[in-house]
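Counting from 161, one number per residue, gives the positions in the sequence shown under the numbering used here. Ideal placement from N, C-alpha and C gives every residue a C-beta, glycine not left out. This one's a predicted model, so the numbers in the text were calculated from it and none came from an experiment. The next block holds one structure in the form of structure tokens; read it before the comments.
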Amino acid sequence: TSVAAGLADGSYFEISVSPLDPDLVFASNLSADQTTGRLFRTTNGGTVWSEAVSAPAVFAGVGFSRSAPGTVWIATSTGLLKTEDSGGTFTGPFLTRTEFRDVVVDPLDARIVYAGTRGALIVKSSDGGQNWAAAGTGLPRATVARLVITPQALYAGLAGSGVFRSHDGGDRKSTRLNSSHIPLSRMP
161 TSVAAGLADG SYFEISVSPL DPDLVFASNL SADQTTGRLF RTTNGGTVWS
211 EAVSAPAVFA GVGFSRSAPG TVWIATSTGL LKTEDSGGTF TGPFLTRTEF
261 RDVVVDPLDA RIVYAGTRGA LIVKSSDGGQ NWAAAGTGLP RATVARLVIT
311 PQALYAGLAG SGVFRSHDGG DRKSTRLNSS HIPLSRMP
């Protein structure tokens with residue numbers, strides 16, 4: 161087994177391929193002393209990798225925009241990062257006091273972004289990250305381990321608590337999850 165040029169040894173936590181460009185791939189790992197997270201990027205399908213960004217954080221999730229090529233969000237243990245040039249440069253971190261586990265971008269509108277936290281919270285931005293608000297309140301106290309979005313629904317996988325869905329982006333607030341009128345409901 162050979163190691164691709166530029167890709168560091170170590171444990172990897174996330175590998176994500178762009179849905180628009182299969183040559184654009186991000187992979188994250190943690191330094192050997194576990195103090196620095198590193199996000200690596202390839203733009204040629206894995207032949208050559210480069211370190212896109214490093215920080216004292218764990219890079220946990222990658223959300224690609226389908227409607228704005230080049231826009232990618234990164235969920236980290238110390239906030240959210242954003243790039244609009246496929247990982248050449250990053251802005252942020254946003255919401256730095258929150259440990260994020262995953263992030264997704266609405267497939268039809270790159271301004272709409274959802275991010276899930278370790279503390280059972282989903283936040284939403286409708287303006288490309290300038291402002292954030294809680295979405296899908298009423299979830300059990302569990303880590304939002306995974307988010308998946310389609311044009312019809314937002315899905316949230318919660319550690320030890322199941323899968324939940326929203327057909328309105330979690331806009332309606334409620335503490336009850338057992339009614340068909342509540343936006344987040346346990347999947348059968």
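- Under the DSSP assignment, leucine 190 falls in the beta strand (DSSP E) whose first and last residues are 185 to 190.
- In the structure shown, arginine 278 falls within a coil segment according to DSSP collapsed to helix, strand and coil.
- Here alanine 270 carries a coil assignment [DSSP, helix/strand/coil].
- In this structure, valine 263 lies near alanine 235, with their beta-carbon atoms less than 9 Å apart.
- When the Cα atoms are used, proline 300 and serine 321 turn out to be separated by approximately 7 Å.
- In its chain, beyond the 5 residues on either side, Ala215, Pro216, Ala217, Pro253, Thr256, Glu259 have a beta carbon closer than 8 Å to the beta carbon of threonine 238.
- Per DSSP, the continuous beta strand (DSSP E) segment holding arginine 198 begins and ends at 197 to 202.
- For threonine 251, the enclosing beta strand (DSSP E) has its first and last residue at 251 to 254.
- Under DSSP, alanine 302 shares a beta bridge with no residue.
- Shown here, serine 214 sits in a strand according to DSSP, grouped into three states.
- Cβ atoms of serine 246 and valine 232 come within 8 Å of each other, at about 7 Å.
- Collapsing the DSSP output to three states places glycine 170 in coil.
- Looking from the CA of serine 191, the closest CA among Asp183, Ser176, Ser171 belongs to Ser171.
- Take the alpha-carbon of arginine 261 and the one of leucine 307: they are about 9 Å apart.
- In this structure alanine 164 touches threonine 207 by the C-beta definition: roughly 6 Å separates them, less than 8 Å.
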